[in-house]
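Peer 1: Just so you know, the sequences run in chain order A and B. Mapping the first sequence onto the numbering used here, position 170 (from 1) lands on 170, and the numbers just tick up by one. Just remember that the numbering used here sits 1000 ahead of the position in the second sequence, which is counted from 1.
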Amino acid sequence: MTSAPSPAWRSISLASEVAVGAVICGIVVLFLGLPIFAIIERAVRETSFFDAVSSSGVTEALRLSLETTTISLVLIVLFGTPVAYVLSRSRFPGHQLIDTLIDLPIVLPPAVGGLGLLMAFGRRGILGGWLDSAGIEIAFTTTAVIMAQTFVASPFYIRAAKAGFDAMDADLEAVAYTLGSSRFEAFRRVAVPVAMPSLLAGAVMAWARALGEFGATIMFAGSFAGRTQTVPLAIYRYLETGIDVPLALSAVLILISFAVLFAFRLLTRRAALTL
Amino acid sequence: MSRTRHPLLLVLPILVFAAFFAACGDDNDGDATTPASTPTAVPLSGGITVFAASSLTNAFNEIGGAFHDANPGASVTFNFAGSQDLRTQLEQGARADIFASADTKQMDNAVASGVASAESSVFAHNRLVVIVPKANPAGIQTLQDLANPNIKLVLANAGVPAGKYSRQSLDTASADPAFGAAYKDNVLTNLVSEEANVKQVAAKVQLGEADAGIVYSSDVTPELSKDVTKIDIPDTHNVVATYTIALTAEPSNEAVARAFIDFVRSDDGQAILVSHGFLVAGS
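1. Under 9 angstroms Cβ-Cβ, which residues of chain A neighbour Ser1054 of chain B?
2. Counting only beta-carbon separations shorter than 8 angstroms, does Met1 of chain A have a partner in chain B?
3. If you draw a straight line from the alpha carbon of Gly180 of chain A to that of Ser257 of chain A, how long is it in whole angstroms?
4. Sort A:Leu261, A:Ser182 and A:Thr241 by Cα distance to Ala203 of chain A and report the nearest one.
5. What residue from B:Glu1195, B:Ala1096 and B:Asn1136 has the CA that sits closest to Arg1258 of chain B's CA?
6. Could you round the C-beta distance between Ile218 of chain A and Ala1196 of chain B to whole angstroms and report it? I think they count as a contact, below 8 angstroms.
7. When you check each C-beta in the stretch 1140–1166 of chain B against every C-beta of chain A, which residues fall closer than 7 angstroms?
8. Going along the chain, which residues of the stretch 1207–1232 of chain B sit with their C-beta nearer than 7 angstroms to a C-beta in chain A?
9. What is the DSSP secondary structure of Asp1103 of chain B, reduced to helix, strand or coil?
10. Is the beta carbon of Ala1090 of chain B less than 8 angstroms from the beta carbon of Val1115 of chain B?
11. If you count every other CB in all the chains shown that lies within 10 Å of the CB of Asn1190 of chain B, and 16 or more means buried, which is it?
12. Below 7 angstroms on C-beta distance, what does Lys1105 of chain B contact in chain A?
13. Would the beta-carbon of Ser1169 of chain B fall within 8 angstroms of that of Phe224 of chain A?
14. Taking 8 angstroms as the cut-off, decide whether the C-beta atoms of Val1215 of chain B and Ile1131 of chain B are in contact.
15. For Ser305 of chain A, which residues from the same chain have a beta carbon less than 7 angstroms from its beta carbon, with the 5 sequence-adjacent residues on both sides left out?
16. So, helix, strand or coil for Ala1052 of chain B, using DSSP?
17. Could you give the C-beta distance for Gln1084 of chain B and Val1160 of chain B, rounded to a whole number, given that I count them as a contact under 8 angstroms?
18. Counting only beta-carbon atoms, is Ala1138 of chain B nearer than 8 angstroms to chain A?
19. Would you say Phe46 of chain A and Asp171 of chain A are within 8 angstroms of each other, going by their C-beta atoms?
20. Please determine if the stretch 34–43 of chain A and the stretch 116–125 of chain A are in contact, where contact requires at least 3 C-beta pairs separated by less than 8 angstroms.
21. Along chain A, in chain order, which residues have C-beta atoms closer than 8 angstroms to that of Lys1204 of chain B?
22. With a 10 Å radius around its C-beta and 16 neighbouring C-beta atoms as the bar for buried, classify His95 of chain A as buried or exposed.
23. What residues in the stretch 1176–1199 of chain B have a beta carbon less than 8 angstroms from any beta carbon of chain A?
24. Could you tell me the alpha carbon to alpha carbon distance between Leu1146 of chain B and Ala1181 of chain B, rounded to whole angstroms?
25. Between which two residues does the alpha helix (DSSP H) holding Pro1149 of chain B run?
26. Can you tell me which of B:Lys1199, B:Ser1166, B:Asn1148 and B:Tyr1165 puts its alpha carbon nearest to the alpha carbon of Asn1186 of chain B?
27. Express the C-alpha separation of His1068 of chain B and Thr1040 of chain B in angstroms, rounding to a whole number.
28. Sort out for me which residues DSSP pairs Thr1077 of chain B with in a bridge.
29. Starting from Val220 of chain A, follow the alpha helix (DSSP H) in both directions and report where the run begins and ends.
30. Using the DSSP secondary-structure output, state which residues sit across from His1125 of chain B in a beta bridge.
31. Hey, Thr1057 of chain B and Phe1080 of chain B: beta-carbon distance below 8 angstroms or not?
32. Which one or two residues does DSSP pair with Thr1229 of chain B in a beta bridge?
33. Between Ser1217 of chain B and Val1274 of chain B, which are expected to be in contact by the criterion C-beta below 8 angstroms, what is the C-beta distance as a whole number of angstroms?
34. Quick one: measure Cβ to Cβ for Gly1065 of chain B and Leu1044 of chain B, integer angstroms, because I've assumed they're closer than 8 angstroms.
35. Let me know if Lys1152 of chain B comes out buried or exposed under the rule of 16 or more other beta-carbons within 10 Å of its beta-carbon.
36. Is there a Cβ from chain B that is less than 8 angstroms from the Cβ of Asp113 of chain A?
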């Protein structure tokens, strides 16, 4: 009787918990949401918004961003999925080292990535002379943009994919082996489908990171309209001449990103319900 | 019962963060700052903030040191960025005492929007030079060579003063029969990157990624000279950048700010600017 709290006391503590939780959530939502709202509100209020959106600089940057991030994402998934699977399923000397190496671009400032790419693939880089004699030029090309995006974004995919493979029941593949599947078939027909939600989540995060990529790109690829000037670079470039175009680009970028993240959320929720 | 602690535990890291940032806030004066010393018998005391074009970085840091030596009670903090960025920052309410712009346009805009005092004055000029990597892979010897095919040229983008001047310089050369009317177009065909500021142009050439770039003569520091070769642009085709300085609309320390502007324009200040590759106001 004395040890159990009275119902009144319990409801008060519950109410205060809810109140504190609501206040903290409110602060966070405001902090994250206000800058986003401010950009959209200001962009739409500017009478020149639609002119700015349809100006050639904006559409060119958007096209380049969508193209390069799509190619980057395909490369990341194509190469990242087997890497994540191998890291999840096998243990070998240097496993931890490779695991750590793959995480590194997440913590490095992107400018470091850009500098590293220059030192490796630039004209005076480690592979520069070899690439030069092979007639391959990377710096200042769209290829450089894709390499910069792939460098900074692939860890996000590999991380999520590995976590997905780690979480699944390894017995599932064992069953596949006993039914005569090869390792590759077990990977393709069992592991990948089962881990699909994690793979999709990783792909969305990697794509989003590639879309926002700035530091490594401007360092390694430079900034040239239609060739290397993606949306983040165009936002920075047009800030020099006014606020209209950067605002329009920012607003469009926000809307696209939000739409993709939101659609992904709905899709995975539906997938979870049907499972 | 124990669950009631959770919200408070959530608040704790926020408080720790806030305390951390508050502590960091005091430590905001990097290399660019001359530390404030206690006011002595000298009349000038207190700190000012100077917003200056990034091409002024080295020269103004040295001038700031010399100003502080001459006025131990006064200290100067710099914020270096593109003139356009600085003007935008001022218009968005950034607090500063002085605005030093790399062109008259950004100063005029700042005056027009009421963030800079109308009594601005010219304190230095700068001229353009072509730089190529020491190894000079494209074999560029003259200004005309910039129009050769398959050169990787980088310029500052047309929105920043250095980029605007570079294009004006190409325009005047195109008007010269010695270069030919197609000169500018041929040169711009070689453009592989429009950098956000002139320091990035210098960096791309220094790294050897670009075959040539156009920068201010003041950008070719002794450090940069180790890696690049300068090719002069003749006066007739050169565009001289005009640097202007003014008090902001609401300086926090007008006495020190005025003294700093006077110092920049004094013989001592002008000598420092010359040593960093600038041309002085009278020239």
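Quick reminder that beta carbons are idealized off the backbone N, C-alpha and C, glycines included. Just so you know, these numbers come straight off a predicted model, no measurement behind them.
Peer 2: On the basis of the coordinates in this document:
1. Sequence index remark: in the second sequence, residue 1054 of chain B carries index 54 (1-based). What Ser1054 of chain B touches in chain A: nothing, since even the nearest Cβ is about 12 angstroms away.
2. Here residue 1 of chain A refers to the residue found at position 1 when the first sequence is read from its first residue. The predicted model places Met1 of chain A with a pLDDT of 47, which falls under 50 and marks its position as unreliable, so this point remains unresolved.
3. Here residue 180 of chain A corresponds to residue number 180 of the first sequence, with the count starting at 1. Here residue 257 of chain A corresponds to residue number 257 of the first sequence, with the count starting at 1. So the alpha carbons of these two residues sit roughly 43 angstroms apart.
4. Against the first sequence, residue 203 of chain A aligns to sequence position 203. Ala203 of chain A has its Cα closest to that of A:Leu261, out of A:Leu261, A:Ser182 and A:Thr241.
5. Taking the second sequence and counting its residues from 1, the one referred to as residue 1258 of chain B is at position 258. Considering only alpha carbons, the answer is B:Ala1096.
6. Taking the first residue of the first sequence as 1, we reach residue 218 of chain A at position 218. Taking the first residue of the second sequence as 1, we reach residue 1196 of chain B at position 196. Yes, Ile218 of chain A and Ala1196 of chain B are in contact; Cβ-Cβ is about 7 angstroms, under 8 angstroms.
7. Lys1152, Val1154, Asn1157, Gly1159 and Val1160
8. Result list: Leu1207, Gly1208 and Glu1209.
9. Indexing the second sequence from 1 puts residue 1103 of chain B at position 103. DSSP places Asp1103 of chain B in coil when its eight states are reduced to three.
10. Taking the second sequence and counting its residues from 1, one reaches residue 1090 of chain B at position 90. Taking the second sequence and counting its residues from 1, one reaches residue 1115 of chain B at position 115. According to the sequence as given, residue 1090 of chain B is Leu; it is not Ala. Annotated as proximal: Leu1090 of chain B and Val1115 of chain B, with beta-carbon spacing under 8 angstroms.
11. In the second sequence, the residue the question calls residue 1190 of chain B occupies position 190. Answer is buried; the Cβ neighbour count reaches 16.
12. Residue mapping note: residue 1105 of chain B aligns to position 105 of the second sequence, counting from 1. Chain A residues near Lys1105 of chain B: none, gap ~11 angstroms exceeds 7 angstroms.
13. As a first step, residue 1169 of chain B is located in the second sequence; it is residue number 169 there, counting from the start. As a first step, residue 224 of chain A is located in the first sequence; it is residue number 224 there, counting from the start. It is not a contact, given that the beta carbons lie outside the stated cut-off.
14. Walking along the second sequence from the start, residue 1215 of chain B turns up at place 215. Walking along the second sequence from the start, residue 1131 of chain B turns up at place 131. In terms of Cβ geometry, Val1215 of chain B and Ile1131 of chain B form a close pair [threshold 8 angstroms].
15. Beyond the ends of chain A as shown, which are 1 and 275, falls residue 305 of chain A; an answer cannot be given.
16. Reading the second sequence from its first residue, position 52 is the one you call residue 1052 of chain B. Looking at Ala1052 of chain B - three-state DSSP - the assignment turns out to be strand.
17. Taking the first residue of the second sequence as position 1, residue 1084 of chain B is located at position 84. Taking the first residue of the second sequence as position 1, residue 1160 of chain B is located at position 160. Approximately 6 angstroms separates the beta-carbon atoms of Gln1084 of chain B and Val1160 of chain B; this is inside 8 angstroms, confirming the contact.
18. Reading the second sequence from its first residue, position 138 is the one you call residue 1138 of chain B. Ala1138 of chain B does not count as touching chain A.
19. Start at 1 with the first residue of the first sequence, and residue 46 of chain A comes out as number 46. Start at 1 with the first residue of the first sequence, and residue 171 of chain A comes out as number 171. Correcting the residue identity first, residue 46 of chain A is Glu in this sequence and not Phe. No, the Cβ-Cβ distance between Glu46 of chain A and Asp171 of chain A is not below 8 angstroms.
20. The stretch 34–43 of chain A vs the stretch 116–125 of chain A: no contact.
21. If you number the second sequence from 1, residue 1204 of chain B lands on position 204. What Lys1204 of chain B touches in chain A: Gly222.
22. Taking the first sequence and counting its residues from 1, one reaches residue 95 of chain A at position 95. By the 10 Å Cβ count, His95 of chain A comes out exposed.
23. Leu1191, Val1192, Ser1193, Glu1194, Glu1195 and Ala1196
24. Within the second sequence, residue 1146 of chain B is the residue found at index 146, counting from 1. Within the second sequence, residue 1181 of chain B is the residue found at index 181, counting from 1. Those two C-alpha atoms are separated by around 14 angstroms.
25. Within the second sequence, residue 1149 of chain B is the residue found at index 149, counting from 1. Taken as a continuous stretch (DSSP letters only), Pro1149 of chain B belongs to no alpha helix (DSSP H), as it is neither H nor E.
26. Taking the first residue of the second sequence as 1, we reach residue 1186 of chain B at position 186. Nearest of B:Lys1199, B:Ser1166, B:Asn1148 and B:Tyr1165 to Asn1186 of chain B, Cα basis: B:Asn1148.
27. As a first step, residue 1040 of chain B is located in the second sequence; it is residue number 40 there, counting from the start. As a first step, residue 1068 of chain B is located in the second sequence; it is residue number 68 there, counting from the start. At Thr1040 of chain B the pLDDT is 42, less than 50, meaning the model places this residue with poor confidence; the figure from the coordinates comes in the next sentence. Cα to Cα, the separation comes out at about 13 angstroms.
28. Taking the first residue of the second sequence as position 1, residue 1077 of chain B is located at position 77. Partner(s): B:Thr1049.
29. Residue 220 of chain A sits at position 220 when you count from the first residue of the first sequence. Inspection of the sequence shows that residue 220 of chain A is occupied by Phe rather than by Val. From DSSP, the alpha helix (DSSP H) with Phe220 of chain A extends over Gly215 to Phe220.
30. In the second sequence, the residue the question calls residue 1125 of chain B occupies position 125. B:Thr1242 and B:Leu1279, per the DSSP bridge assignment.
31. Taking the first residue of the second sequence as 1, we reach residue 1057 of chain B at position 57. Taking the first residue of the second sequence as 1, we reach residue 1080 of chain B at position 80. In contact: Thr1057 of chain B and Phe1080 of chain B (Cβ atoms closer than 8 angstroms).
32. By 1-based counting over the second sequence, the position of residue 1229 of chain B is 229. Answer by DSSP bridge pairing, in chain order: B:Val1132.
33. On the second sequence, residue 1217 of chain B is found 217 positions in, with the first residue counted as 1. On the second sequence, residue 1274 of chain B is found 274 positions in, with the first residue counted as 1. Not a contact, Cβ separation roughly 11 angstroms.
34. Translated into positions along the second sequence, residue 1065 of chain B becomes position 65. Translated into positions along the second sequence, residue 1044 of chain B becomes position 44. Rounded, the Cβ-Cβ distance is 15 angstroms, inconsistent with contact.
35. Locating residue 1152 of chain B in the second sequence gives position 152, counting from the first residue. Its Cβ being crowded by 16 or more others within 10 Å, Lys1152 of chain B is buried.
36. One-based indexing of the first sequence puts residue 113 of chain A at position 113. According to the sequence displayed, residue 113 of chain A carries Gly and not Asp. Not a single CB atom of chain B sits nearer than 8 angstroms to the CB of Gly113 of chain A.
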